[in-house]
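Taking our numbering, the leading residue of the sequence shown gets 1, the next gets one more, and so forth. Glycine included, C-beta positions come from ideal geometry on N, C-alpha and C.
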Amino acid sequence: MQKIYPDAATALDGLLHDGMFIAAGGFGLCGIPELLLAAIKDAGTKDLTFASNNAGVDDFGIGILLQTRQVKKMISSYVGENAEFMRQYLSGELELEFNPQGTLAERMRAGGCGIPGFYTKTGVGTVIADGKEHKDFPTGPDGAPETYIMENGIFADLAI
1 MQKIYPDAAT ALDGLLHDGM FIAAGGFGLC GIPELLLAAI KDAGTKDLTF
51 ASNNAGVDDF GIGILLQTRQ VKKMISSYVG ENAEFMRQYL SGELELEFNP
101 QGTLAERMRA GGCGIPGFYT KTGVGTVIAD GKEHKDFPTG PDGAPETYIM
151 ENGIFADLAI
């Protein structure tokens with residue numbers, strides 16, 4: 001396998017397919033894989049699920065794929081600065097799975113390590129926990145039971 005490619009499109013050649021799950025790095029608008037995102041846009045790959053800290057802004061980051069309606073679902077911890085994201089989500093065109101930032105990072109790490117899931121206290125008692133498995137563990141003071149929720153690892157088809 002070649003490790004250095006002349007451009008992003010060549011690096012992604014043969015890897016992209018409709019309906020794939022992509023984990024995208026970066027934090028806010030820093031450190032995002034902008035050339036790879038542009039190559040995905042140019043390839044026309046659609047019905048994508050993205051796990052990423054955020055959805056970019058209208059003209060940058062994952063936002064460029066939202067403009068062309070290539071994203072069907074976002075798993076994210078923050079989406080507040082993208083008007084197109086908001087429009088698609090509120091109209092029912094785009095699915096959203098919110099995660100606390102640390103939980104999102106741990107889900108990505110777990111999946112990358114082959115770990116199918118883990119328990120966390122983060123989100124217990126909030127809408128984040130709705131529909132998730134709850135389990136008590138004796139982790140409180142003097143072994144008192146505390147409630148945790150199960151989070152699934154994120155197993156992406158591609159990490160960029």
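- Closest option to residue 117, judged by alpha-carbon separation, among 87, 106, 24 and 78: 106.
- The three-state reading of DSSP puts residue 151 in strand, counting E and B together.
- Under the 10 Å beta carbon count, residue 84 is surrounded by 16 or more other beta carbons and is classified as buried.
- For residue 136, the uninterrupted beta strand (DSSP E) segment begins and ends at 134-137.
- Comparing alpha carbon positions, the residue from 23, 13 and 140 closest to residue 157 is 23.
- In the three-state reduction of the DSSP assignment, residue 5 falls in the coil class.
- In the three-state reduction of the DSSP assignment, residue 81 falls in the coil class, being assigned neither a helical nor a strand state.
- Looking at the backbone, the Cα of residue 148 and that of residue 51 are separated by about 23 Å.
- In this structure, residue 47 keeps its C-beta atom at 9 Å or more from the C-beta atom of residue 82.
- Under the three-state reduction of DSSP, residue 121 is assigned to coil, being neither helix nor strand.
- Between residue 103 and residue 122, the C-beta gap is smaller than 9 Å, which places the two residues in contact.
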